[in-house]
Amino acid sequence: MQLTPRILPDAQAIGDAVADRILDRIHAHQGRPFLLGCPSGRTAVPVYEALARRAGAGADLSALVIVMMDDYVLPDGDGEYRIVDPTASYSCLRFAEEEILRPIVEAADAAGTVPPTEIWTADPLDPTAFDKRIEAAGGIDLFLLASGDSDGHVAFNQPGTPRDAKTHIVTLGDATRRDNMDTFPEFAHLDMVPRHGVTVGVDTIARQSAEVVMIISGEHKREAFSRITAAHSYEPDWPATIVTECRNAALLADSAAATVPAG
Numbered sequence: 001m002q003l004t005p006r007i008l009p010d011a012q013a014i015g016d017a018v019a020d021r022i023l024d025r026i027h028a029h030q031g032r033p034f035l036l037g038c039p040s041g042r043t044a045v046p047v048y049e050a051l052a053r054r055a056g057a058g059a060d061l062s063a064l065v066i067v068m069m070d071d072y073v074l075p076d077g078d079g080e081y082r083i084v085d086p087t088a089s090y091s092c093l094r095f096a097e098e099e100i101l102r103p104i105v106e107a108a109d110a111a112g113t114v115p116p117t118e119i120w121t122a123d124p125l126d127p128t129a130f131d132k133r134i135e136a137a138g139g140i141d142l143f144l145l146a147s148g149d150s151d152g153h154v155a156f157n158q159p160g161t162p163r164d165a166k167t168h169i170v171t172l173g174d175a176t177r178r179d180n181m182d183t184f185p186e187f188a189h190l191d192m193v194p195r196h197g198v199t200v201g202v203d204t205i206a207r208q209s210a211e212v213v214m215i216i217s218g219e220h221k222r223e224a225f226s227r228i229t230a231a232h233s234y235e236p237d238w239p240a241t242i243v244t245e246c247r248n249a250a251l252l253a254d255s256a257a258a259t260v261p262a263g
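Counting from 1, one number per residue, gives the positions in the sequence shown under full-length UniProt numbering.
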């Protein structure tokens, strides 16, 4: 299904719009756990900041469950992979704890409301268990998606990912790793970026999500905007096009991403 984008002025406007959507959905759940699929990195930060502001204003986010898309893993020498040190600055679990959950908790505490507490991550020793856990909970209520700048990865799904991919261990291509050098500036050169990750699959996103919101912001995402708005179905060479096959899909972009360069 080809998506019609909603264009907003800037990333903060997108963050406010998506946060309001999330609060509406949480309210409709009437206290039941609300599973929010979350990327780490820059794109969704305005959403997380907006959620914290709303918690500070008294909004009830106690039902929120943060479900992370992916994380870096390292080989352990026995043919298995382990999540990177959760205190590392590039750990997606650290990002979830410090950049998503903590500001909401602090804001809720200040407002006198009950804060959320749960973060879910995939275990690289048993990736398929993550899909089973999500399914047993009734699926992801709303999944926030972002597209890689240069290769269209979504979560850590690389170009060429098959449509039926579930949560799995992946070898990260250089394009994805270069994109993440901008996300984590302490990566001074490419060799510092881990070469493997654990990620939800594109089928996990499409099959297990009741609703998805793809966010595209900034001039550096113009190619992503062009590819996704032109797509009618999943295109393996640009995995973020899985959004076209998701239920209740929305595409929000800022004017910088949606502007076609002159000439």
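By construction, the Cβ of each residue, glycine as well, lies at the ideal position given by its N, Cα and C atoms.
Values in this document were obtained by computation on a predicted structure and should not be read as measured data.
Item to complete: Report the rounded CA-to-CA distance for TYR81 versus VAL73, giving the unit in angstroms.
Response: Translated into the one-based positions of the sequence shown, residue 81 becomes position 81. Translated into the one-based positions of the sequence shown, residue 73 becomes position 73. When rounded, the distance between both Cα atoms is 6 Å.
Discussion item. Is the separation between the beta-carbon of MET69 and that of VAL200 shorter than 7 Å?
Written reply: In the sequence shown, residue 69 corresponds to position 69, counting from 1. In the sequence shown, residue 200 corresponds to position 200, counting from 1. A contact, by the Cβ cut-off of 7 Å.
Discussion item. Let's see if you can read the secondary structure: which residues bound the alpha helix (DSSP H) around ALA55?
Written reply: Locating residue 55 in the sequence shown gives position 55, counting from the first residue. Looking at the DSSP string, the run of the alpha helix (DSSP H) that includes ALA55 is 45 to 56.
Practice prompt. Within the same chain, show all residues whose beta-carbon is closer than 7 Å to that of ASP16, passing over the 5 residues directly before and after it, in chain order.
Written response: Walking along the sequence shown from the start, residue 16 turns up at place 16. Excluding sequence neighbours, ASP16 sits near ALA50.
Worksheet item: Are PRO162 and ASP151 touching if we call contact CB-CB under 7 Å?
Response: Along the sequence shown, read from residue 1 onward, the residue named residue 162 stands at position 162. Along the sequence shown, read from residue 1 onward, the residue named residue 151 stands at position 151. No, Cβ-Cβ distance for PRO162 and ASP151 is not below 7 Å.
Discussion item. I'd like to check one pair, ILE26 with ALA63: are the Cβ atoms closer than 7 Å?
Written reply: Here residue 63 refers to the residue found at position 63 of the sequence shown. Here residue 26 refers to the residue found at position 26 of the sequence shown. Yes, they are a contact pair.
Fill in: Proximal residues to ASP10 (C-beta, below 8 Å), its chain only, five neighbours per side dropped
Residue numbering aside, residue 10 sits at position 10 when the sequence shown is read from its first letter. The residues SER217, ASP254, SER255, ALA256, in chain order, have a CB closer than 8 Å to that of ASP10 in the same chain once the five nearest residues on each side in sequence are set aside.
Worksheet item: Would residue 321 pass as a contact of GLN208 if the rule is Cβ separation under 7 Å?
Response: What the structure shows of the chain is the stretch from 1 to 263, and residue 321 is not part of that stretch, so it cannot be assessed.
Discussion item. With three or more C-beta pairs closer than 8 Å as the rule, is the segment 129 to 149 touching the segment 185 to 205?
Written reply: yes
Worksheet entry | GLY263 versus GLU223 - alpha carbon distance | Locating residue 263 in the sequence shown gives position 263, counting from the first residue. Locating residue 223 in the sequence shown gives position 223, counting from the first residue. Unreliable positioning characterises GLY263 in this predicted model, as indicated by a pLDDT of 49, which lies under 50. The coordinate reading is nonetheless provided below. Cα to Cα, GLY263 sits roughly 15 Å from GLU223.
Worksheet item: Does DSSP classify PRO9 as helix, strand or coil?
Response: As a working mapping, residue 9 is identified with position 9 in the sequence shown. Reduced to three states, the DSSP call for PRO9 is coil.
Item to complete: Answer yes or no: do GLU186 and SER89 have a C-beta to C-beta separation smaller than 7 Å?
Response: Walking along the sequence shown from the start, residue 186 turns up at place 186. Walking along the sequence shown from the start, residue 89 turns up at place 89. By the CB criterion at 7 Å, GLU186 and SER89 fall inside the cutoff.
Worksheet item: In angstroms, rounded to a whole number, what distance separates the CA positions of ALA249 and PHE143?
Response: Residue 249 sits at position 249 when you count from the first residue of the sequence shown. Residue 143 sits at position 143 when you count from the first residue of the sequence shown. One C-alpha to the other measures close to 9 Å.
Practice prompt. From the DSSP output, in three-state form, read off THR87 for me.
Written response: Working through the sequence shown from its first residue, we reach residue 87 at position 87. The three-state reading of DSSP puts THR87 in coil, since its state is none of H, G, I, E or B.
Worksheet item: Quick one: what does DSSP say VAL105 is sitting in, helix, strand or coil?
Response: Here residue 105 refers to the residue found at position 105 of the sequence shown. The answer is helix: DSSP assigns VAL105 an H, G or I state.
Worksheet item: GLN2 to GLY112, Cα distance in whole Å?
Response: If you number the sequence shown from 1, residue 2 lands on position 2. If you number the sequence shown from 1, residue 112 lands on position 112. One C-alpha to the other measures close to 43 Å.
Worksheet item: How long is the line joining the alpha carbons of THR167 and ALA258, rounded to whole angstroms?
Response: Reading the sequence shown from its first residue, position 167 is the one you call residue 167. Reading the sequence shown from its first residue, position 258 is the one you call residue 258. Each residue's alpha carbon lies about 31 Å from the other.
Practice prompt. Name the one or two DSSP bridge partners that TYR81 has.
Written response: Indexing the sequence shown from 1 puts residue 81 at position 81. The partner list for TYR81 (beta bridge, DSSP) reads PRO75.
Fill in: Nonlocal neighbours in the same chain, by C-beta distance under 8 Å from GLU99, ignoring five residues either side
Counting from one through the sequence shown, the residue named residue 99 turns up at place 99. The answer, listed in chain order, is SER40, VAL45, TYR48.
Worksheet entry | Candidates ASP24, THR204, ARG6, MET181, of which the one nearest ARG42 by Cα | Translated into positions along the sequence shown, residue 42 becomes position 42. Comparing Cα-Cα distances from ARG42 to each of ASP24, THR204, ARG6, MET181, the minimum goes to MET181.
Practice prompt. Taking only the alpha-carbon atoms, compute the straight-line gap between SER226 and LEU101 and give it to the nearest angstrom.
Written response: As a first step, residue 226 must be located in the sequence shown, where it is residue number 226. As a first step, residue 101 must be located in the sequence shown, where it is residue number 101. Roughly 32 Å between the two C-alpha positions.
Worksheet item: How many angstroms separate the CA atom of ALA165 from the CA atom of SER233?
Response: Translated into the one-based positions of the sequence shown, residue 165 becomes position 165. Translated into the one-based positions of the sequence shown, residue 233 becomes position 233. Distance between the alpha carbons of ALA165 and SER233 is about 16 Å.
Worksheet item: Sorted by chain position, which residues of the same chain lie with C-beta nearer than 7 Å to CYS246's C-beta, five sequence neighbours on each side aside?
Response: Indexing the sequence shown from 1 puts residue 246 at position 246. Contacts found: ILE205, ALA206, SER209, VAL212.
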